[in-house]
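*Asks:* Quick one: this structure, given as structure tokens, is what I'll be asking you about.
In the working numbering, the protein residues as written are 16 to 354.
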């Protein structure tokens, strides 16, 4: 297993973790491509589009890393961690396909989204296919505990997306409800992806809970930074159209922070563009000015750092090791993306 000296910076740490788990990630990628095959031509065509779009595959990487952290010993006939990593990626990809249809997104990771290329119906149905594939992989693993964790996360993701729709355009949304949304739509799958690594290694409940906490806090930090980037990133860096959340009236921490810190005139602006969804061509630029003026991005990133610190702290129950260090340093990737 390759290893190296201490890394610095999130991107370098993530690259180091990918290098450390290179063989497992290659096996996972092969499993993903294999399971995307179907006699229905549109399914592998759309699957090839998704694979070409790339992505860091952070969630399956966390499953592989967590299994190694817990001492899981793979072998020719012992590849549960690979199958479950592919399962996690299918759950994630299925939700992305559905989300892009709901949000009417035209970009995903800098390329045309699947719904923009193949249409909404194809994206929804292939998303359903990938969910079905994920449950086939859970069944093949044979552990009811694993199925309980991953199926539970799948249900929580759906609840989070519905809750996000319920609070859309509602500037009175309390912070606790917003955090509940991002826990559901993002952090729950991070937590499950990590926790199953402890399950297949037959570790204690204490270790399961520690990895659950690690994944939850990492997922919360990851989504907070994503929400900040929608108002702060270059479109090429972001991989989607800057201001999508604004145009869709999504309630995110940058908006809540700017609204709560605004004067009467500024609050009336937010109530018009978000609350009533009455937007003109120049409103995004004014929104960006107000977010910068009120320090809303800084507020959001600082909250993300708190979750990132909690994620690293959760790993302290495990003995010091190369894989633990790489996982802890990879947490920094979540906040470094906002630079």
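Beta carbons are placed, not taken as given, at the ideal position from N, Cα and C, and that holds for glycine. A quick note: this is a predicted structure, and the numbers were derived from the prediction, not measured.
Quick check on residue 338: buried or exposed, where buried means 16 or more other Cβ atoms within 10 Å of its Cβ?
*Replies:* As a first step, residue 338 must be located in the chain shown, where it is residue number 323. The C-beta of residue 338 has 16 or more other C-beta atoms within 10 Å across all chains shown, which makes the residue buried.
*Asks:* Determine the burial state of residue 346: buried for a count of at least 16 other Cβ atoms within 10 Å of its Cβ, exposed for fewer.
*Replies:* Against the chain shown, residue 346 aligns to sequence position 331. By the 10 Å Cβ count, residue 346 comes out buried.
*Asks:* Give the straight-line distance between the Cα atoms of residue 19 and residue 82, rounded to the nearest whole angstrom.
*Replies:* Taking the first residue of the chain shown as 1, we reach residue 19 at position 4. Taking the first residue of the chain shown as 1, we reach residue 82 at position 67. Any reading at residue 19 is ruled out, since the residue's pLDDT is 40, under 50, leaving its predicted position unreliable.
*Asks:* When you compare only the Cα positions, how much space is there between residue 28 and residue 279?
*Replies:* Along the chain shown, read from residue 1 onward, the residue named residue 28 stands at position 13. Along the chain shown, read from residue 1 onward, the residue named residue 279 stands at position 264. Rounded to whole angstroms, residue 28 to residue 279 spans 44 Å at the Cα level.
*Asks:* Could you work out which residue in 76, 309 and 203 is closest to residue 171 when comparing CA atoms only?
*Replies:* For the purposes of this step, residue 171 is identified with residue 156 of the chain shown, where counting begins at 1. Ranking the options by Cα distance to residue 171, first place goes to 203.
*Asks:* With DSSP collapsed to three states, give me the class of residue 90.
*Replies:* Translated into the one-based positions of the chain shown, residue 90 becomes position 75. Reduced to three states, the DSSP call for residue 90 is strand.
*Asks:* Helix, strand or coil for residue 239 per DSSP?
*Replies:* Counting from 1 along the chain shown, the entry for residue 239 is found at position 224. Note: residue 239 maps to helix in three-state DSSP.
*Asks:* Please report the residue range of the alpha helix (DSSP H) in which residue 179 lies.
*Replies:* Locating residue 179 in the chain shown gives position 164, where the first residue counts as 1. It spans 159–182 - the alpha helix (DSSP H) in which residue 179 sits, taken as one unbroken run.
*Asks:* Going by the beta-carbon positions, is the gap between residue 85 and residue 206 smaller than 7 Å?
*Replies:* For the purposes of this step, residue 85 is taken as the residue at position 70 of the chain shown. For the purposes of this step, residue 206 is taken as the residue at position 191 of the chain shown. Against a cut-off of 7 Å, the Cβ pair of residue 206 and residue 85 comes out as no contact.
*Asks:* How would you call residue 93, buried or exposed, if buried means at least 16 neighbouring beta carbons within 10 angstroms?
*Replies:* As a first step, residue 93 must be located in the chain shown, where it is residue number 78. It is exposed - the Cβ of residue 93 has fewer than 16 other Cβ atoms within 10 Å.
*Asks:* What three-state label does DSSP hand residue 145 in the structure shown?
*Replies:* For the purposes of this step, residue 145 is identified with residue 130 of the chain shown, where counting begins at 1. Three-state DSSP puts residue 145 in a helix.
*Asks:* Hey, residue 36 and residue 79: beta-carbon distance below 7 Å or not?
*Replies:* Mapped onto the chain shown, residue 36 falls at position 21. Mapped onto the chain shown, residue 79 falls at position 64. In this structure, residue 79 lies closer than 7 Å to residue 36 by Cβ.
*Asks:* Quick test of the definition: if touching needs 3 or more C-beta pairs under 8 Å, does the region 172–185 touch the region 46–56?
*Replies:* no
*Asks:* So if DSSP puts residue 127 in a beta bridge, which residue, or which two residues, is it bridged to?
*Replies:* Start at 1 with the first residue of the chain shown, and residue 127 comes out as number 112. Answer is 122.
*Asks:* Here's the rule: buried if 16 or more other CB atoms are within 10 angstroms of the residue's CB, otherwise exposed. What is residue 318?
*Replies:* Position 303 of the chain shown, counting from 1, holds the residue named residue 318. Buried, by the Cβ-count rule.
*Asks:* Excluding sequence positions up to five away, which residues of its chain have a Cβ less than 6 Å from the Cβ of residue 21?
*Replies:* Working through the chain shown from its first residue, we reach residue 21 at position 6. Any reading at residue 21 is ruled out, since the residue's pLDDT is 43, under 50, leaving its predicted position unreliable.
*Asks:* Does the Cβ-Cβ distance between residue 164 and residue 211 come in under 7 Å?
*Replies:* One-based indexing of the chain shown puts residue 164 at position 149. One-based indexing of the chain shown puts residue 211 at position 196. In contact: residue 164 and residue 211 (Cβ atoms closer than 7 Å).
*Asks:* Which word fits residue 38, buried or exposed, when buried means at least 16 other C-beta atoms lie within 10 angstroms of its C-beta?
*Replies:* As a first step, residue 38 must be located in the chain shown, where it is residue number 23. By the 10 Å Cβ count, residue 38 comes out exposed.
*Asks:* With DSSP as the reference, label residue 266 as helix, strand or coil.
*Replies:* Taking the first residue of the chain shown as 1, we reach residue 266 at position 251. Here residue 266 sits in coil by DSSP.
*Asks:* Spell out a yes or no on whether the region 224–231 and the region 318–338 are touching, meaning 3 or more CB-CB pairs, one atom from each, closer than 8 Å.
*Replies:* yes
*Asks:* The alpha helix (DSSP H) spanning residue 338 covers which residue range?
*Replies:* To locate residue 338, count along the chain shown from 1; it is residue 323. Taken as a continuous stretch (DSSP letters only), the alpha helix (DSSP H) holding residue 338 covers 337–351.
*Asks:* Report all residues from its chain with a CB closer than 6 Å to the CB of residue 238; omit the five preceding and five following residues, and keep chain order.
*Replies:* Here residue 238 corresponds to residue number 223 of the chain shown, with the count starting at 1. If we look at residue 238 and ignore the five residues flanking it on each side, its Cβ neighbours are 197 and 201.
*Asks:* Using CA atoms only, rank isn't needed, just tell me which of 342, 274, 193 and 299 is closest to residue 262.
*Replies:* Locating residue 262 in the chain shown gives position 247, where the first residue counts as 1. Taking only the C-alpha atoms, the option nearest residue 262 is 299.
*Asks:* In angstroms, rounded to a whole number, what distance separates the CA positions of residue 112 and residue 191?
*Replies:* Stepping through the chain shown from its first residue, residue 112 is reached at position 97. Stepping through the chain shown from its first residue, residue 191 is reached at position 176. Near 27 Å, if we compare the C-alpha coordinates of residue 191 and residue 112.
*Asks:* At which residues does the alpha helix (DSSP H) containing residue 205 begin and terminate?
*Replies:* One-based indexing of the chain shown puts residue 205 at position 190. 203–215 is the extent of the alpha helix (DSSP H) around residue 205.
*Asks:* Can you have a look at residue 241 and say buried or exposed, based on whether 16 or more other CB atoms are within 10 angstroms of its CB?
*Replies:* The sequence position of residue 241 within the chain shown is 226, counting from 1. Burial is judged here by how many other beta carbons sit within 10 angstroms of a residue's own beta carbon; residue 241 has at least 16 and is buried.
*Asks:* When DSSP labels each residue in this structure, what does residue 43 get in the three-state scheme?
*Replies:* In the chain shown, residue 43 corresponds to position 28, counting from 1. Helix.
*Asks:* By the 10 Å Cβ neighbour count, where 16 or more other Cβ atoms means buried, how is residue 335 classified, buried or exposed?
*Replies:* On the chain shown, residue 335 is found 320 positions in, with the first residue counted as 1. Flag for residue 335 reads exposed.
*Asks:* According to DSSP, is residue 189 helix, strand or coil?
*Replies:* Residue mapping note: residue 189 aligns to position 174 of the chain shown, counting from 1. Reduced to three states, the DSSP call for residue 189 is coil.
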